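Q: Protein chains in written order, with the working numbering: chain A, 346 to 520; chain B, 462 to 648.
This is the structure I want to talk about, given as structure tokens.
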């Protein structure tokens, strides 16, 4: 029982080892590669996820805001700052099962070429269920959601993460 | 003495139980990939037969072909096997970002390349096992000169092409590009 339940817990929680955290974001660069550990292989087999390879890019996930509070659909979040160098990036909001959330604006993601930026190149994306000015990424009023920032064709896949800055996920207000 | 005997027995059983639990834990985790029914290669079967690229419907809320897809990308997938010989994967793809990845039977991303590192807009991969490569070295076919050679000890596998779609108006073009993808060729 001990063995089965700890195994289920470990596999169900997802990637446990080999994570890289930058600010509010976490990535698992070795997950889904031939050198992955048995836990992430087991998780991969159960989830059916298709991880990005080193030649494609890297996916960073945020499940909590800058203060460590889980991301909730009834709050407004400000994703502000810059991304590491990449030819292309996309920011997508998913519910806790990895599904896109239906919304009237029919927008589920932003990419780096369509975003409004400040003069210094930094950007600000408002993540909220209600309409926001500027770059608005709509979500549903779910209990939990996650943000995935995918950097495509980036030197980060070479494995050097030092000095990289990621945008901050700041909570504004909740209701 | 009489009191310590049951104590020792309890400690023995607890330690034995934990040890057994540990063994079961490791065995379970290692076995999961062999028994999983929702792994990526099984999921790919839903899109149709092998040796053909299938363009997945665009990922939209409520109608996603798979979970955790990037809605800014359009995907095409082909299941293939190297058991009957090498496989050649070709496609003429757009000038913007695209990438292709090869996944083994257990869903591990074993090879990937993007349009910049491939240094061409036409995708041309020759996928073969080290044994097949050794056999071809005697009399290398012309395709090996031009294609990107992917030498991997694979049996069944699948290839996934993703193409960046900057906005909805580019979707038909991206779909047409992905429809040129072919994985039925051999060397």
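Note that CB positions come from ideal geometry on N, CA and C, so glycine has one too.
Given the structure is predicted, the values throughout are model-derived calculations rather than measurements.
Report yes or no: is there a C-beta of chain B within less than 8 Å of the C-beta of residue 456/A?
A: Residue 456/A sits at position 111 when you count from the first residue of the first chain. Judged by the 8 Å Cβ criterion, residue 456/A is in contact with chain B.
Q: With 8 Å as the threshold, decide whether the Cβ of residue 489/B is near any Cβ in chain A.
A: Position 28 of the second chain, counting from 1, holds the residue named residue 489/B. Taking Cβ atoms only, chain A reaches closer than 8 Å to residue 489/B, which makes this a yes.
Q: Would you call residue 428/A buried or exposed, if buried means 16 or more other Cβ atoms sit within 10 Å of its Cβ?
A: Taking the first residue of the first chain as position 1, residue 428/A is located at position 83. Buried is the call here.
Q: Residues in the same chain with beta-carbon distance under 8 Å from residue 497/B, minus the five sequence neighbours each way, listed in chain order, please.
A: In the second chain, the residue the question calls residue 497/B occupies position 36. Only 503 meet the Cβ criterion.
Q: So with Cβ pairs under 8 Å, would you call residue 391/A a contact of chain B?
A: The count along the first chain starts at 1 and reaches residue 391/A at position 46. Yes, its Cβ sits closer than 8 Å to a Cβ of chain B.
Q: Tell me the DSSP secondary structure of residue 491/A in three-state form.
A: Translated into positions along the first chain, residue 491/A becomes position 146. In this structure, residue 491/A counts as strand in the three-state DSSP scheme.
Q: DSSP state of residue 526/B, grouped into three classes?
A: Numbered from 1 along the second chain, position 65 holds the residue referred to as residue 526/B. Three-state result, residue 526/B: coil.
Q: Shorter than 8 Å from the beta carbon of residue 474/B to some beta carbon of chain A?
A: Start at 1 with the first residue of the second chain, and residue 474/B comes out as number 13. No, its Cβ sits nowhere closer than 8 Å to a Cβ of chain A.
Q: Taking the C-alpha atoms as reference points, what is the distance between residue 501/A and residue 470/B?
A: Residue 501/A sits at position 156 when you count from the first residue of the first chain. Residue 470/B sits at position 9 when you count from the first residue of the second chain. Each residue's Cα considered, the two are about 55 Å apart.
Q: Under 8 Å: do the region 382-395 of chain A and the region 566-576 of chain B share three or more Cβ pairs, one atom per stretch?
A: In short, these stretches touch, since the Cβ pair count reaches three.
Q: Got a sec, what are the start and stop residues for the alpha helix (DSSP H) residue 436/A sits in?
A: As a first step, residue 436/A must be located in the first chain, where it is residue number 91. It is not in any alpha helix (DSSP H) - residue 436/A instead sits in the beta strand (DSSP E) that spans 433-440.
Q: From 498/A, 443/A and 402/A, pick the residue whose C-alpha is nearest to that of residue 524/B; which is it?
A: Locating residue 524/B in the second chain gives position 63, where the first residue counts as 1. Checking every option, the nearest Cα to that of residue 524/B belongs to 443/A.
Q: Please confirm whether residue 446/A has its beta-carbon closer than 8 Å to some beta-carbon of chain B.
A: Numbered from 1 along the first chain, position 101 holds the residue referred to as residue 446/A. True, the Cβ-Cβ gap to chain B drops below 8 Å.
Q: Would you list, in chain order, the members of the region 482-506 of chain A that have their beta-carbon closer than 8 Å to a beta-carbon of chain B?
A: Result list: 493, 495, 497 and 498.
Q: Taking C-beta pairs closer than 8 Å, name the residues in chain A that residue 494/B reaches, listed in chain order.
A: In the second chain, the residue the question calls residue 494/B occupies position 33. By Cβ distance, chain A contributes 386, 387, 389 and 390.
Q: If we ignore side chains and look at the alpha-carbon of each, how far apart do residue 474/A and residue 573/B end up?
A: In the first chain, counting from the first residue as 1, residue 474/A sits at position 129. In the second chain, counting from the first residue as 1, residue 573/B sits at position 112. Approximately 36 Å between the Cα atoms of the pair.
Q: Does any residue of chain B have a CB that is nearer than 8 Å to the CB of residue 428/A?
A: As a first step, residue 428/A must be located in the first chain, where it is residue number 83. No, residue 428/A lies away from the interface with chain B (no Cβ there is under 8 Å from its Cβ).
Q: Once the 5 residues before and after residue 396/A are set aside, which same chain residues still bring their CB inside 6 Å of it?
A: The residue given as residue 396/A occupies position 51 in the first chain. Within the same chain, residue 396/A has close Cβ partners 376 and 377.
Q: Could you tell me which chain A residues have their CB closer than 9 Å to the CB of residue 635/B, listed as they occur along the chain?
A: Counted from its first residue, the second chain places residue 635/B at position 174. Under the 9 Å cutoff, chain A gives no residues; its nearest Cβ is about 14 Å from residue 635/B.
Q: Within the 8 Å Cβ cut-off, does residue 371/A reach chain B?
A: The count along the first chain starts at 1 and reaches residue 371/A at position 26. Chain B, which has no Cβ nearer than 8 Å to the Cβ of residue 371/A, makes this no.
Q: For residue 559/B, which of helix, strand or coil comes out of DSSP?
A: Against the second chain, residue 559/B aligns to sequence position 98. It is a strand residue.
Q: Mind checking if residue 381/A is an interface residue toward chain B, Cβ cutoff 8 Å exclusive?
A: Stepping through the first chain from its first residue, residue 381/A is reached at position 36. Yes, its Cβ sits closer than 8 Å to a Cβ of chain B.
Q: Should residue 535/B and residue 613/B be called a contact, given that it needs their Cβ atoms to be closer than 8 Å?
A: To locate residue 535/B, count along the second chain from 1; it is residue 74. To locate residue 613/B, count along the second chain from 1; it is residue 152. Cβ distance not < 8 Å, so residue 535/B and residue 613/B don't count as in contact.
Q: Alpha carbon to alpha carbon, how far is residue 551/B from residue 512/B?
A: For the purposes of this step, residue 551/B is taken as residue 90 along the second chain, with counting starting at 1. For the purposes of this step, residue 512/B is taken as residue 51 along the second chain, with counting starting at 1. Looking at the two C-alpha atoms, the distance is approximately 12 Å.
Q: For residue 453/A, does the count of other Cβ atoms within 10 angstroms reach 16, so buried, or fall short, so exposed?
A: Mapped onto the first chain, residue 453/A falls at position 108. Answer is buried; the Cβ neighbour count reaches 16.
Q: Counting only beta-carbon atoms, is residue 512/A nearer than 8 Å to chain B?
A: Position 167 of the first chain, counted from the start, is the residue given in the question as residue 512/A. With 8 Å as the cut-off, residue 512/A does not count as an interface residue toward chain B.
Q: Can you check whether the C-beta of residue 432/A is within less than 8 Å of a C-beta belonging to chain B?
A: In the first chain, the residue the question calls residue 432/A occupies position 87. So, interface residue.
Q: Taking the alpha-carbon positions, what's the residue 628/B to residue 542/B distance?
A: Mapped onto the second chain, residue 628/B falls at position 167. Mapped onto the second chain, residue 542/B falls at position 81. Roughly 35 Å between the two C-alpha positions.
Q: I'd like to confirm the pairing. Which residues does DSSP put opposite residue 406/A in its beta bridges?
A: Position 61 of the first chain, counting from 1, holds the residue named residue 406/A. For residue 406/A, which the question treats as bridged, DSSP gives the partners 371/A and 493/A.
Q: Straight-line CA distance for residue 641/B to residue 581/B?
A: Taking the second chain and counting its residues from 1, the one referred to as residue 641/B is at position 180. Taking the second chain and counting its residues from 1, the one referred to as residue 581/B is at position 120. Spanning the two alpha carbons is a distance of roughly 16 Å.
Q: If distances are taken between C-alpha atoms only, which option among 483/B, 540/B, 468/B and 521/B comes closest to residue 349/A?
A: Your numbering for residue 349/A matches position 4 in the first chain. That would be 483/B, whose Cα lies nearest to the Cα of residue 349/A.
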